[in-house]
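Protein chains in written order, with this note's numbering: chain X, 1 to 73; chain G, 1001 to 1570.
Idealized CB from N, CA, C, for every residue including glycine.
Treat the numbers as computed from the prediction; the structure is a model and nothing was measured.
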Amino acid sequence: MPLILADENIEYEIVRIAGGHGSYTKFLEMGLVPGAKLRVVYNAKGPIIVSMNGSKYALGKGLASKIIVREAA
Amino acid sequence: MKSFTIALIGNPNVGKSAIFNELTGANAHVGNWPGVTVEKKEGKFTYIDTEINVVDLPGIYSLSADSIDERIARDYIVKQKPDLVVCIVDSTNLVRNLYLFVLLKELGAKTLLVLNMIDLIDNKLEIDDAKLSQSLKTRVVKTSATKKIGIDNLKEAIFDELHHAQEELFVDYGSDIERSIEKIKSLLNNLDLPYSKRFVSIKLLEQDPIIIEELKKLQKDNIIENVLLEINSLEKIYTDLQTEIIEKRYALIEGIVKNTTKHLVSIEDRLTLSDKIDKIVTNRYLGIPIFAIAMLIVFEATFKLGGFFADYIEQFFGWFGEISAQYIHNPLLQSFVKDGLIGGVGTVIVFLPNILILFLFLSFLEDVGYMARAAFVMDKLMHSIGLPGRAFIPLILGFGCNVPAIMATRTIADEKDRLLTILINPFISCTARLPIYVLLTGIFFKDRYPALIIFSLYTLGIIVAILSAKLFRSTIPKLKGKVSFLIMELPIYRLPTLKAVLLHSWERTREFLKKAGTVIFFGVVLVWLLSSLPFGVEYASEQSYVGVLGKFFAPILSPVGFGFGKRLLL
């Protein structure tokens, strides 16, 4: 499911990033790569805040709807 | 004395400036990178018999050259070839921070890895630095710049590494990509490029715009065509080649970090306090009011405190002018020193307390980590006027002085957003405009509700800024397009040291002083000249050029009640 629909305080794993092909290298390079685990700290349905590897990021709505995640095992 | 040059590099918020200050004793020379308004800080220190020049590169996450900062850093390393690149990382987030480090290794730079903020992982995370050093083919030093831990070790390590050769580090991209890299490498023979062949090959597979551009300049379009063929064949295996390459780097880093660190408690514990604060300050309903109150307090304090000091400064310059006048007997020189020089500089310096105090508050909020949250909170509102939330910080800084405000726009990666933020910034009323507002208010409204009227002048500026943003966005073709907010790091809350905040705000205030010392000063001298010429007239009297100008505008201005003197001020 897209990250924008994710619940707060549950750990997710990034499955893939829709629309890829270099359009989002910036955040891939910041570590949002498939397989990375993240937790949604705050989901305002606009921008959302996620925590990953001990750092927090605010993600724009557009980006958050393109990141496909699943609940981490 | 022998002399070497080293460069400091690192992600944003890793304490790079603090390390720079500790190394160089804050004796920085500040200039600009050629061709761009990005600040370039240089300093130096001496170790034994060697002078070591330190260049501070901008805070960046990668070297892909899609923002000005990244381009500057990469160009510097490639073209100026510093003797050592010191990569500073945040020990609490090794994985993401090491990404930049791996890129530096790929670029072929000689490196030193600094694990900064080491005090924050005490009892939480153990890092085996010997093993890490071995895996990353670099020397590793642990520091905490704010607690002044490990600085001497760092100096020693820098000195040592300058005299040692270093092994290269290769990321294994898997047999298919490696085969393409070899093929491209063989095409690059006899080419004069300042990068290693492997780096160029990998970057070509990533379709790096700068390297493609450089090849085109060398008229090697045939290489680009071959690269495109390679990319096409690789994309039959990997649906997204660029993602694949980035993932491979992360896979290497994650493997190394797993092997060299041990978590003593879960990372989640560390985040709770920060999370709790964020729950409140970024709350859907509370976020904006909290931010508004914070700003209100900042401005209130700025003008109350600043006004207090400004009065004294004004008195001082008045007194100073009188005193100096007593010692100069040539009437022309006397007038120049008193009315022109001292009076002119005085009118500028009077704003200094306001600006310094405002920047002190804003720097504090920024260093604490709140400004990033403010940008997040304001994002929705800013979107509605066609700007990303991040553009909000430069706009706020504009209330202090538009010069550092415009310089702050460089963190906005998207060029359209950056240009637009710069364009509307002058509509934000800086402190220097306040006296003019006070004057106009006094004239037009005869002291009725002065505070309210001045406040509405500020608001008017903001409204004009918003309207122009909308207008520019919809009419100027170059600025058309969507707002580009993608990702922004929210740094962990921490209490900055007093020294850090002071330095930060001083760096910004200095920009104002620079302008004051040059442009404004010349303006002031010009006004003095106009007021004193032709020689022999009484200063600023009706016979002087200013008087003539004043008379010329009189028909326009007298109906609203401007006296002669007030006309001059405008």
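Point to revise | DSSP state of Glu8/X mapped onto helix, strand, coil | key: Walking along the first sequence from the start, residue 8/X turns up at place 8. DSSP places Glu8/X in coil when its eight states are reduced to three.
Review point. Under the three-state reduction of DSSP, which class applies to Thr944/G: helix, strand or coil?
Key: Given that chain G is displayed from residue 1001 to residue 1570, the structure contains no residue 944/G and the question cannot be resolved.
Review point. Across which residues does DSSP place Ser1144/G in a beta bridge pair?
Key: Position 144 of the second sequence, counted from the start, is the residue given in the question as residue 1144/G. Looking at the DSSP assignment, Ser1144/G forms a beta bridge with Ile1149/G.
Exercise for review: Compare the C-beta of Leu38/X against all C-beta atoms of chain G and say whether one is closer than 8 Å.
Suggested key: Stepping through the first sequence from its first residue, residue 38/X is reached at position 38. Output row for Leu38/X: interface = no.
Exercise for review: Give the secondary structure of Ser1003/G by DSSP, where H, G and I count as helix, E and B as strand, and everything else as coil.
Suggested key: On the second sequence, position 3 is the one that residue 1003/G refers to. In this structure, Ser1003/G counts as strand in the three-state DSSP scheme.
**Study point:** For Phe1045/G: DSSP bridge partner residues
**Key:** Position 45 of the second sequence, counting from 1, holds the residue named residue 1045/G. Its beta-bridge partners are Ile1052/G.
Practice item. State yes or no: is the beta carbon of Ser1062/G nearer than 8 Å to at least one beta carbon in chain X? Key: Along the second sequence, one-based indexing puts residue 1062/G at 62. Chain X contact via Cβ: present.
Review point. Between Ile1077/G, Leu1529/G, Leu1103/G, Ile1118/G, which lies nearest to Asp1339/G when the distance is taken from Cα to Cα?
Key: Residue 1339/G sits at position 339 when you count from the first residue of the second sequence. With distances taken between Cα atoms, Asp1339/G lies closest to Leu1529/G.
Practice item. Look at Leu1112/G and Leu1084/G and say whether their C-beta atoms are less than 8 Å apart. Key: Within the second sequence, the letter at position 112 stands for residue 1112/G. Within the second sequence, the letter at position 84 stands for residue 1084/G. In contact: Leu1112/G and Leu1084/G (Cβ atoms closer than 8 Å).
Check your understanding: Can you check whether the CB of Gly1344/G is closer than 8 Å to the CB of Phe1521/G?
Key -> On the second sequence, residue 1521/G is found 521 positions in, with the first residue counted as 1. On the second sequence, residue 1344/G is found 344 positions in, with the first residue counted as 1. Yes. Within cutoff.
**Study point:** chain G contact residues for Tyr12/X, given Cβ-Cβ distances below 7 Å
**Key:** As a first step, residue 12/X must be located in the first sequence, where it is residue number 12. Here the premise fails: no neighbours, minimum Cβ distance about 14 Å.
Review point. What's the gap between the Cα of Val1348/G and the Cα of Gly62/X?
Key: In the second sequence, residue 1348/G corresponds to position 348, counting from 1. In the first sequence, residue 62/X corresponds to position 62, counting from 1. The straight-line gap from Cα to Cα measures roughly 45 Å.
Exercise for review: Please confirm if Lys1416/G has its CB atom under 8 Å from at least one CB of chain X.
Suggested key: The residue given as residue 1416/G occupies position 416 in the second sequence. Chain X contact via Cβ: absent.
Check your understanding: Where does Phe1170/G land, buried or exposed, given buried means 16+ other C-beta within 10 angstroms?
Key -> For the purposes of this step, residue 1170/G is taken as the residue at position 170 of the second sequence. Phe1170/G should be labelled exposed.
Check your understanding: In three-state DSSP terms, what is Ser1558/G?
Key -> Within the second sequence, the letter at position 558 stands for residue 1558/G. Legend: pLDDT at Ser1558/G = 46, less than 50; position of this residue unreliable, no value from coordinates given.
Check your understanding: Measuring CB to CB, does Thr1143/G end up less than 8 Å from Leu1125/G?
Key -> If you number the second sequence from 1, residue 1143/G lands on position 143. If you number the second sequence from 1, residue 1125/G lands on position 125. Not in contact: Thr1143/G and Leu1125/G (Cβ atoms no closer than 8 Å).
Check your understanding: Closest Cβ-Cβ distance between Leu59/X and chain G: below 8 Å?
Key -> Position 59 of the first sequence, counting from 1, holds the residue named residue 59/X. Interface residue, yes.
Practice item. With a 10 Å radius around its C-beta and 16 neighbouring C-beta atoms as the bar for buried, classify Gln1242/G as buried or exposed. Key: Within the second sequence, the letter at position 242 stands for residue 1242/G. Buried: at least 16 other Cβ atoms inside 10 Å.
Review point. In terms of alpha-carbon separation, which member of Ala1292/G, Leu1352/G, Gly1255/G lies closest to Ile1313/G?
Key: In the second sequence, the residue the question calls residue 1313/G occupies position 313. Checked all of Ala1292/G, Leu1352/G, Gly1255/G; the closest Cα to Ile1313/G is Leu1352/G.
Point to revise | Complete runs of the beta strand (DSSP E) confined to the segment 1230-1289 of chain G [at least 3 residues] | key: 1261-1263
**Study point:** Of the listed residues Glu1178/G, Arg1179/G, Leu1188/G, Ser1135/G, nearest to Gln1166/G (C-alpha basis)
**Key:** On the second sequence, position 166 is the one that residue 1166/G refers to. Closest by alpha carbon: Ser1135/G.
Practice item. Return the Cβ separation of Ile1088/G and Leu1008/G in integer angstroms, given the expectation that the two are a contact with Cβ distance under 8 Å. Key: Looking up residue 1088/G in the second sequence gives position 88. Looking up residue 1008/G in the second sequence gives position 8. Indeed, because the Cβ distance is near 6 Å, the residues count as touching under 8 Å.
**Study point:** Range covered by the beta strand (DSSP E) that runs through Arg1494/G
**Key:** Within the second sequence, the letter at position 494 stands for residue 1494/G. No beta strand (DSSP E) contains Arg1494/G, which DSSP labels as neither H nor E.
Check your understanding: DSSP beta-bridge partners for Cys1087/G?
Key -> What you label residue 1087/G is simply residue 87 of the second sequence in a count that begins at 1. Per DSSP, Ile1009/G, Leu1113/G.
Check your understanding: Is there a Cβ from chain G that is less than 8 Å from the Cβ of Lys56/X?
Key -> For the purposes of this step, residue 56/X is identified with residue 56 of the first sequence, where counting begins at 1. Yes - at least one Cβ of chain G is within 8 Å of the one on Lys56/X.
Practice item. Return the Cβ separation of Arg1139/G and Glu1161/G in integer angstroms, given the expectation that the two are a contact with Cβ distance under 8 Å. Key: Position 139 of the second sequence, counted from the first residue, corresponds to residue 1139/G. Position 161 of the second sequence, counted from the first residue, corresponds to residue 1161/G. Indeed, because the Cβ distance is near 5 Å, the residues count as touching under 8 Å.
Exercise for review: For Ser65/X, collect the residues of the same chain with a Cβ closer than 8 Å to its Cβ; drop the 5 residues on either side in sequence, then sort them by chain order.
Suggested key: In the first sequence, the residue the question calls residue 65/X occupies position 65. These residues qualify, in order along the chain: Pro2, Leu3, Ile4.
Review point. Using 8 Å as the Cβ pair cut-off and three pairs as the minimum, do the segment 1422-1432 of chain G and the segment 1459-1468 of chain G touch?
Key: yes
Check your understanding: From Gly60/X to Ile48/X, what does the alpha carbon distance come to, in whole angstroms?
Key -> The residue given as residue 60/X occupies position 60 in the first sequence. The residue given as residue 48/X occupies position 48 in the first sequence. Each residue's alpha carbon lies about 7 Å from the other.
Practice item. Verify whether the separation of the beta carbon atoms of Leu1360/G and Val1501/G is less than 8 Å. Key: Reading the second sequence from its first residue, position 360 is the one you call residue 1360/G. Reading the second sequence from its first residue, position 501 is the one you call residue 1501/G. The answer is yes: Cβ separation under 8 Å.
Practice item. Determine the direct distance from the alpha carbon of Leu1362/G to that of Phe1303/G, and round the result to whole angstroms. Key: If you number the second sequence from 1, residue 1303/G lands on position 303. If you number the second sequence from 1, residue 1362/G lands on position 362. When rounded, the distance between both Cα atoms is 14 Å.
Review point. Which of the three DSSP states, helix, strand or coil, is assigned to Met52/X?
Key: Working through the first sequence from its first residue, we reach residue 52/X at position 52. Strand, per DSSP.
**Study point:** chain X residues whose Cβ lies nearer than 9 Å to that of Asp1278/G
**Key:** In the second sequence, counting from the first residue as 1, residue 1278/G sits at position 278. By Cβ distance, chain X contributes Val41, Tyr42, Ile49, Lys56.
Practice item. Classify Lys1040/G as helix, strand or coil using the three-state DSSP reduction. Key: As a working note, residue 1040/G is residue 40 in the second sequence. DSSP places Lys1040/G in strand when its eight states are reduced to three.
Check your understanding: Which of the residues in the segment 1102-1118 of chain G, read from start to end, lie with their CB under 8 Å from any CB of chain A?
Key -> Judged by its chain identifiers, the structure shown contains no chain A, and its protein chains are X and G.
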